[in-house]
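Trainee: Under my numbering, read the sequence shown as residues 15 to 364, first letter to last.
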Amino acid sequence: MKLKFVCQWLIIAAVVTGPSGYAKDHVKAADDAYHFQSWEGSPYNAAYTEWWYFNLYDAKHDLQAIFSYQIVDPLNLTTHGLSYVAAVVYQGNQIIPGISFYPPSLFHASDSAANVGVGPNTITVVTDNKYVISGASSNGRLSWNLHYERVAPSWFAGDHVNVGPLAWEQMSWLLYMPRAAVSGTLTIDGQAYRIESSGYHDHNWGEWDFSGTNWNWAQYSQPGLTFDLGDFVDNPNGRASFDLGGERFVFSASDYKLVHTKWSFDPLTNLSYPTQSVFTAEKDDVQIRLVMDVQKTAPLSAGPPPALVIFEQPTRFTGEITIQRSWFPIKIAFEGNGFKEYTATSTAVP
């Protein structure tokens, strides 16, 4: 990954001396805790879901991985409530999935910090900036014990944002670790790998119709720069953000355009999915162009048809930011690896 500074002293003067630190976005440890207590009693509790998502990108071992700890219908009002941990590892040309299901009674979480248990799988808060995630897939192929340390400012991207066609369909989204330093052990088919890499952690919760809400998501980071996108299909409440050295630029859906320029087809789900996407944004004195080239794709789905399919994709990001300061335009080019998601609803999921 590389960050090209055009006139570096201007960058330092204009960006780094801007607001910095985690507190500028008013994010507290409790914001990353379990939120169902504040939603309990809603007539839509059967549609409640909450998850804590983590990923990593280890170039040394050509390993990418995601881990998601999730609860669905925590009161089991539908009698189909469940909790689960989904893990996917991309190793070279292999994709190794692992998912472990548990009844809601085997889920527990704190409302003061992100201490979470899904069966024997856990998230443990060591400090506000350090977590440990551990677990294993029920198929025996994957296990992990990983430390995540926050190294970039958090962003509370949305609280009770309408994401579906009905007013009650609302989601909250917290990017607690837009960039993290990840260390620990990831074991694949009995082979243990020592991980020292970058990573990411965010958190979603709320009530909405999963089969009727589709989104595009993307995440990239490098030292001093993070990019995040949460775009909802046919919904005006998407948002994106760049953080440069502690100065955050936020774009609403009316400020950006996302175009999928290359596609592939997945015969298992009978769905097409993008393999290249172009993001452009302009607001005030900032312009951005970003190309996302997908490297690998894993289609993830759960539940009977019609089912939401999440195409989880390690991706190469290439972009440029232009900041039109009154005295000189600043151009910042960057390139590196991250993740994106594309979702669609399939009636062909086995």
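Where is the CB? At the ideal position from N, CA and C, for every residue including glycine.
Ends of the beta strand (DSSP E) at Ala194?
Mentor: Ala194 -> beta strand (DSSP E) spans Gln184 to Ile202.
Trainee: Any chance you could list the beta strand (DSSP E) runs of at least 3 consecutive residues sitting entirely within the stretch 272-339, in chain order?
Mentor: Listed in chain order, they are 285-297, 300-308, 312-315 and 321-338.
Trainee: Nearest-angstrom Cα distance between Gln205 and Lys345?
Mentor: Gln205 and Lys345: Cα-Cα distance of roughly 44 Å.
Trainee: Between Ala43 and Val139, how many whole angstroms is the CB-CB distance? I'm expecting something under 8 Å.
Mentor: Sure, about 7 Å apart at Cβ, within 8 Å.
Trainee: In whole angstroms, what is the alpha-carbon distance linking Val323 and Val102?
Mentor: The straight-line gap from Cα to Cα measures roughly 14 Å.
Trainee: With three or more C-beta pairs closer than 8 Å as the rule, is the stretch 291-299 touching the stretch 267-282?
Mentor: As far as the Cβ criterion goes, the stretch 267-282 touches the stretch 291-299, which means the pair count is three or higher.
Trainee: DSSP state of Pro343, grouped into three classes?
Mentor: Strand, per DSSP.
Trainee: Since Lys74 sits in a beta bridge, which residues does DSSP pair it with?
Mentor: None; Lys74 has no bridge partner.
Trainee: Identify the residues that DSSP records as bridge partners of Val264: which are they?
Mentor: DSSP lists Ser255 as partners of Val264.
Trainee: Run the CB neighbour count on Phe279, radius 10 Å, all protein chains shown included, and call it buried at 16 or more, exposed below.
Mentor: Counting Cβ neighbours within 10 Å, Phe279 comes out exposed, since fewer than 16 surround it.
Trainee: Taking 6 Å as the limit between beta carbons, can you name the residues of its chain near Asp203, skipping five residues before and five after?
Mentor: Same-chain partners within the cutoff: Arg155.
Trainee: Since Ser148 is in the beta strand (DSSP E), which residue starts that stretch and which ends it?
Mentor: From DSSP, the beta strand (DSSP E) with Ser148 extends over Lys144 to Ala150.
Trainee: For Leu120, which residues from the same chain have a beta carbon less than 6 Å from its beta carbon, with the 5 sequence-adjacent residues on both sides left out?
Mentor: For Leu120, where only same-chain residues beyond five positions count, the Cβ hits under 6 Å are Gly133.
Trainee: Between which two residues does the beta strand (DSSP E) containing Thr378 stretch?
Mentor: With the chain represented from 15 up to 364, any question about residue 378 goes unanswered, as that position is not in the structure.
Trainee: I need the straight-line Cα distance from Asp257 to Phe263, nearest angstrom please.
Mentor: About 6 Å.
Trainee: The beta strand (DSSP E) spanning Phe50 covers which residue range?
Mentor: No beta strand (DSSP E) holds Phe50; DSSP gives it neither H nor E.
Trainee: Flag this pair as yes or no: are the beta carbons of Ser255 and Ala181 separated by less than 8 Å?
Mentor: No; because the gap between Cβ atoms is not below 8 Å, this pair is not in contact.
Trainee: Could you compute how far the alpha carbon of Ala267 sits from the alpha carbon of Val247?
Mentor: For Ala267 and Val247, the distance between alpha carbons rounds to 10 Å.
Trainee: Leu70 and Ala79: beta carbons closer than 8 Å?
Mentor: In this structure, Ala79 lies closer than 8 Å to Leu70 by Cβ.
Trainee: Is Ala60 helix, strand or coil when you go by DSSP?
Mentor: The answer is helix: DSSP assigns Ala60 an H, G or I state.
Trainee: For the beta strand (DSSP E) that Val132 lies in, which residues bound it at each end?
Mentor: Note, Val132: beta strand (DSSP E), Val130 to Val132.
Trainee: When DSSP builds the beta bridges, which residues end up paired with Thr357?
Mentor: Thr357 pairs with Ile324.
Trainee: Is the Cβ-Cβ distance between Thr359 and Asn228 less than 8 Å?
Mentor: Yes, the pair counts as a contact, with Cβ atoms nearer than the cut-off.
Trainee: Along the beta strand (DSSP E) that carries Ala123, what are the first and last residues, could you check?
Mentor: Phe121 to Ala123 is the extent of the beta strand (DSSP E) around Ala123.
Trainee: Between which two residues does the beta strand (DSSP E) harbouring Ser114 extend?
Mentor: Ser114 -> beta strand (DSSP E) spans Gln108 to Tyr116.
Trainee: Sort Tyr48, Ala312, Asp72 and Asp76 by Cα distance to Thr63 and report the nearest one.
Mentor: It is Tyr48 whose Cα lies nearest to the Cα of Thr63.
Trainee: Near Lys297, which residues of its chain fall below 6 Å by C-beta distance, leaving aside the five closest residues on each side in sequence?
Mentor: So the qualifying residues of the chain are Phe265 and Asp269.
Trainee: Check the C-beta distance from Val308 over to Gln327 and give it rounded, since I have them as a contact under 8 Å.
Mentor: Confirmed, Cβ separation roughly 5 Å.
Trainee: Kindly indicate which residue of Val86, Asp72, Ser56 and Gly106 has the alpha-carbon position closest to the one of Lys310.
Mentor: Minimum Cα distance to Lys310 is reached at Gly106.
Trainee: From which residue to which residue does the beta strand (DSSP E) around Thr93 run?
Mentor: Premise fails: Thr93 is in no beta strand (DSSP E) and is neither H nor E.
Trainee: Taking 6 Å as the limit between beta carbons, can you name the residues of its chain near Arg193, skipping five residues before and five after?
Mentor: If we look at Arg193 and ignore the five residues flanking it on each side, its Cβ neighbours are Val165, Ala166, Ser235 and Thr240.
Trainee: Between Ala37 and the rest of its own chain, which residues show a CB-CB distance below 7 Å, the 5 nearest in sequence each way excluded?
Mentor: Unreliable positioning characterises Ala37 in this predicted model, as indicated by a pLDDT of 31, which lies under 50. The coordinate reading is nonetheless provided below. For Ala37, where only same-chain residues beyond five positions count, there are no Cβ hits under 7 Å.
Trainee: Go through its chain and collect everything with a Cβ distance to Pro111's Cβ below 7 Å, but skip five positions before and after it.
Mentor: Val102 and Ala312.
Trainee: Would you call the CB atoms of Gln2 and Trp65 closer than 8 Å?
Mentor: Residue 2 is absent from the structure shown; the chain starts at 15 and stops at 364.
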